[in-house]
Amino acid sequence: MAWDFSTEPEFQQKLEWIRNFVRDEIEPLEVIFPSCEFLPLTDERRRIVDPLKQKVRDQGLWAPHLGPELGGQGFGAVKLTLINEILGRTTWSSIIFGTQAPDTGNAEILARFGTEEQKQRYLTGLLSGEIFSTFSMTEPQGGSDPRVFTTRAVRDGSGKDSDWVINGRKYWSSNASVASFFIVVAITDPDVPVHTGASTFLVPADTPGVRIEATHHLVGSYSHDPGHSLVHYDNVRVPASAMLGEEGHGFGVAQSRLAGGRLHHAMRSIGVAQRAIDAMARRAKSRFTQGSLLADKQLIQEMVADSFVELTQFRLMVLHAAWLVDTAGERAAREEIAACKIATAAVLKSIGLRAIQVHGGLGLTDQMPLTSVLMGGITLGMADGPTEAHKVNLARQILKGYEAEDPVWPSEFLPNRIERAREKYGHLVDRIPALPVSP
Ligand SMILES: Cc1cc2nc3c(=O)[nH]c(=O)nc-3n(C[C@H](O)[C@H](O)[C@H](O)COP(=O)(O)OP(=O)(O)OC[C@H]3O[C@@H](n4cnc5c(N)ncnc54)[C@H](O)[C@@H]3O)c2cc1C
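Oh and the sequence shown: position 376 is 376 in UniProt numbering, straight run, nothing missing.
Spelled out as structure tokens, the structure:
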């Protein structure tokens, strides 16, 4: 099957429009409203943000990750990659285009598993970017391994009129301080392995017993940023209808949002890395030290070349995963998406570090947007599951496709290859190389 990343010329024009719009109209928001993306809109911010969102809608580009049933265009993953790699250049563009994580994934869960009442109450606001949401799965005692999760949901009553009562603590609940609702993963059956014993619940933020105990911020972020919260669910009572998806399928529901989300992060990271390379190249061509421009020094040229190679590989990798999602579905692309998730962190870290290095001391200051590239790499190597866990899972999947063989003389050992060649063509050729060693 041929891989095809081509798009029609009209779409190319849309990409051009997005490129200019992001550069000219959205990038300035970084410095006027730094780190305010996830704060409720004040009148001042609304004066700028609402018209920008309207321009995006007028172009038919609002929420490009969604299908038409949810108000998107159903662009598919390849086109979404081409859009998101431009949007990735600046953090505000996700808000202006309605593609901000974690709301995108939470909206998909609501659309897929929510009741009509839940959708009416939250989905419209979430899709229009008027409210925010939180995905609350990681616990203070660990995020990489769900087997350590202890947050419990216990049924009270029976049938449709029963309630669930949730008790436990969740950590790293991003944007909890501004969220209208939380999607909480809790153990509903402690007697079976966690992957079949957890369920997912929609918990309105104002439910009695939901308490934000602390909010932590990443180094370098502003204190007004909504941050990542430690949330105590203390006898939180929700109706049976709060369960999203089937009982015991909590991780299936979680995965349904995480896989797409990881790919979206990868798409945006292409733009983040490209912006860092652009800055690196401009600086290299401008800065004169030790008798020549940085651009004329081979060690700097190596940094530029290596960055280009890494980003080109990464971009093709993401496009390929996206193409697979479009042609065979997200499930079929699981390994490719995991590979993109692993590569995202690595690419941002190495390109971010080089961009800082080329800028010297200035690159390390808050006057340049470069440490955030490096930090983004470190962060994305942990958020949505750490790189190590993804590598372990990916390797397991890959290894499933192979059979064990002779532990002493592998099939690629020359005598074995000669033996196979002899079987295939021995009757047709005069001389087959002799076996150097008899296995
Ligand atoms: C910016 C940010 C936002 C986040 N947002 C959310 C959110 O909205 N909702 C949410 O539920 N969670 C969120 N998380 C939590 C995130 O999913 C966890 O941080 C992650 O799963 C790791 O869990 P942990 O921090 O408890 O580290 P631990 O589980 O304690 O792991 C520590 C380290 O051990 C290593 N490790 C793990 N497994 C293996 C292995 N198999 N082999 C070798 N080494 C391994 C990794 O290097 C890992 O970083 C967020 C995290 C960050 C950093």
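Quick reminder that beta carbons are idealized off the backbone N, C-alpha and C, glycines included.
Regarding residue i and ligand 1, is the C-beta to nearest heavy atom distance less than 8 Å?
i           : result
residue 392 : yes
residue 168 : no
residue 164 : no
residue 232 : no
residue 379 : yes
residue 223 : no
residue 371 : no
residue 145 : yes
residue 244 : no
residue 386 : yes
residue 142 : yes
residue 175 : yes
residue 35  : no
residue 324 : no
residue 135 : yes
residue 138 : yes
residue 226 : no
residue 218 : yes
When the Cα atoms are used, what is the spatial distance from residue i to residue j?
i           : j           : result
residue 292 : residue 33  : 39 Å
residue 127 : residue 407 : 56 Å
residue 178 : residue 380 : 22 Å
residue 350 : residue 332 : 29 Å
residue 397 : residue 335 : 7 Å
residue 100 : residue 337 : 19 Å
residue 346 : residue 274 : 14 Å
residue 163 : residue 155 : 6 Å
residue 90  : residue 301 : 26 Å
residue 55  : residue 209 : 41 Å
residue 267 : residue 410 : 39 Å
residue 433 : residue 427 : 14 Å
residue 466 : residue 94  : Outside the displayed span of the chain (1 to 439) sits residue 466, for which this structure offers no information.
residue 371 : residue 386 : 20 Å
residue 200 : residue 357 : 44 Å
residue 520 : residue 378 : The structure shown does not extend to residue 520, since the chain is modelled only from 1 to 439, so the question has no answer here.
residue 125 : residue 203 : 16 Å
residue 298 : residue 316 : 27 Å
residue 123 : residue 12  : 31 Å
residue 130 : residue 121 : 12 Å
Could you tell me the boundaries of the alpha helix (DSSP H) in which residue i lies?
i           : result
residue 325 : 298-328
residue 355 : 334-358
residue 19  : 9-21
residue 414 : 414-425
residue 281 : 250-286
residue 55  : 43-58
Please classify residue i: is it buried, with 16 or more other beta-carbons within 10 angstroms of its beta-carbon, or exposed?
i           : result
residue 404 : exposed
residue 104 : buried
residue 173 : buried
residue 3   : exposed
residue 311 : buried
residue 425 : exposed
residue 64  : buried
residue 288 : exposed
residue 223 : exposed
residue 402 : exposed
residue 139 : buried
residue 219 : exposed
residue 329 : exposed
Using alpha carbons as the reference points, say which of the options lies closest to residue i.
i           : options            : result
residue 285 : 15, 296, 275       : 296
residue 353 : 205, 369, 342, 339 : 369
residue 193 : 183, 185, 146, 163 : 146
residue 221 : 38, 62, 309, 402   : 38
residue 171 : 215, 209, 189      : 215
residue 227 : 175, 259, 182, 269 : 175
residue 233 : 18, 168, 112       : 168
residue 261 : 383, 378, 217      : 383
residue 108 : 257, 359, 205, 250 : 257
residue 205 : 15, 75, 61, 238    : 238
residue 251 : 415, 318, 198, 229 : 198
residue 48  : 57, 61, 29, 58     : 29
residue 160 : 393, 241, 319      : 241
I'd like the span of the beta strand (DSSP E) that includes residue i, first residue to last.
i           : result
residue 183 : 179-187
residue 235 : 228-239
residue 212 : 210-216
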